[in-house]
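Novice: The following block contains the structure, expressed as structure tokens.
In my numbering, the protein residues as written are 6 to 147.
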């Protein structure tokens, strides 16, 4: 039973990463996020750390099998999957000018004020953050 569950999680992550990759080839990231990322409450749900870790691991593994599954592809896929579980996150983007004066752009995912995908606190601290894309907030129930 547990094996079927893992196959399902990895299969879903593979499909989402592939969908995001194809979407980035054909349209803008804003449109992909609007379609895939669901609004949720701003509570980070710290107790769901195992779910977050499982999704991050599955997205990272699935991305290895998809050509050009860049940091942005993985970040959007991770944020979408987390939002489906009602776990908010933030995609951060930054730029860095390296030693050869080449401009590098990078995207990573932050959950509960910690980098969970595409780097760690030390590696992303070198980048100048230019954009944060939080999960949309759910409308209050009246």
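Glycine included, C-beta positions come from ideal geometry on N, C-alpha and C.
(1) Would residue 47 be called buried (16 or more neighbouring beta carbons within 10 Å of its own) or exposed?
(2) Within this structure, are the beta carbons of residue 95 and residue 139 separated by less than 8 angstroms?
(3) Specify, as a first and last residue, the run of the alpha helix (DSSP H) that residue 119 falls within.
(4) Classify residue 25 as buried or exposed, calling it buried when 16 or more other Cβ atoms lie within 10 Å of its own Cβ.
(5) Mind the definition here: the region 62-73 touches the region 100-112 only if three or more C-beta pairs lie below 8 angstroms; say whether that holds.
(6) On the three-state DSSP scale, how would you describe residue 112?
Specialist: Reading from the atomic positions:
(1) Counting C-beta atoms within 10 angstroms of its own C-beta, residue 47 has fewer than 16 neighbours from the protein chains shown and is therefore classed as exposed.
(2) Cβ distance < 8 angstroms, so residue 95 and residue 139 count as in contact.
(3) Going by DSSP, residue 119 is part of no alpha helix (DSSP H) but of the beta strand (DSSP E) stretching over 119-122.
(4) Burial is judged here by how many other beta carbons sit within 10 angstroms of a residue's own beta carbon; residue 25 has at least 16 and is buried.
(5) Touching, no, given that fewer than three Cβ pairs across the two stretches are closer than 8 angstroms.
(6) Three-state DSSP puts residue 112 in a strand.
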